[in-house]
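Just so we're aligned, residue -19 is where the sequence shown starts under my numbering, counting upward by one.
Even for Gly, the Cβ is constructed at its ideal location relative to N, Cα and C.
Have a look at the structure below before the remarks.
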Amino acid sequence: MAFNKLLDEQIAWLEAELDRESDAREEQANQVVNDGDSPQKRVRKESGYVPEAKSMPEKLADRRAGMDALLKNECVTLKLITPGQAKKMTRRFLGKDPKVAEEEVVVELRNMLYSQIRQFIRSHEGGPWTSHSAQSDLRMDIAATKSVRAVVTLTQHIFNERDEWLQDNKGGLTGRFFGGRFWTKR
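Here's what the structure looks like:
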């Protein structure tokens, strides 16, 4: 009997401990919900930062801004393209990825530069590029450009070389009367 009495006391003690523990868990859960201390319910202080959401066309326009400035300013100043052509180019690439748009612009600018150089070589019988190797090197340099900035830099270099040649060969009567055009007998 003493054994049964001891067993009853231990069972009662265990039940009391279990009840206390479950009550403590319920109180803790109620406290978190009521206090608002949970990470989901906590109110943060205002930091003053307001995130700025941009649409995809705005993001693409921001990434293309440098290329647009080069087209509208540098390329027009160098007379590689006209202002109207620059506007058309920028409008045509509105929804495209900037890398794809730049590749297409570079192809057009290279063609424009090459046609201008070819016209100069034909009208001035070679100019500074009289040898075939110099002309092929020039063609290879033009074909090797991969960015708008590289085309602009190469154009500046080529035009400086052309202007130096024109200054050296502008003297004499033909230079005064025909604007520096170098005439030869045929």
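key: Cβ-based neighbour list, Trp145, same chain, cut-off 6 Å, excluding 5 preceding and 5 following   = Excluding positions up to five away in sequence, the list reads Gly107, Pro108.
inquiry  = Given this structure, state the Cα-to-Cα distance separating Arg102 from Lys79, to the nearest angstrom.
reply    = So the alpha carbons of these two residues sit roughly 34 Å apart.
message = Going by beta-carbon coordinates alone, are Met69 and Val128 separated by less than 7 Å?
response = Here Met69 is not near Val128, since their CB atoms are 7 Å or more apart.
query = Among the residues of its own chain, which have a CB less than 7 Å from the CB of Thr125, if the five just before and after it don't count?
reply = These residues qualify, in order along the chain: Val86, Arg90, Val131, Leu134.
key: Alpha carbon of Glu1 to alpha carbon of Leu(-13), nearest angstrom   = Their backbone Cα atoms lie some 21 Å apart in a straight line.
query = Between the beta-carbon of Lys52 and the beta-carbon of Ala66, is there less than 7 Å?
reply = Cβ distance < 7 Å, so Lys52 and Ala66 count as in contact.
request  = In the DSSP assignment, find the alpha helix (DSSP H) that holds Lys121 and state where it starts and stops.
outcome  = The displayed chain sequence assigns Asp, not Lys, to residue 121. Start and end: 112 to 124.
Distance, Lys150 Cα to Trp163 Cα = Model confidence at Trp163 stands at a pLDDT of 48, short of 50, so the residue's coordinates are unreliable and nothing is read from them.
query = When the Cα of Leu74 is compared with those of Glu141, Ser27, Thr57, Arg44, which residue comes out closest?
reply = Among Glu141, Ser27, Thr57, Arg44, the Cα nearest to that of Leu74 belongs to Arg44.
request  = Helix, strand or coil for Lys79, going by three-state DSSP, please let me know.
outcome  = Look at Lys79 here: in three-state DSSP terms it is helix.
query = If you count every other CB in all the chains shown that lies within 10 Å of the CB of Glu82, and 16 or more means buried, which is it?
reply = When all chains shown are included, Glu82 counts as buried.
query = Under 7 Å between the Cβ atoms of Ile122 and Leu93?
reply = Going by C-beta atoms, Ile122 is nearer than 7 Å to Leu93.
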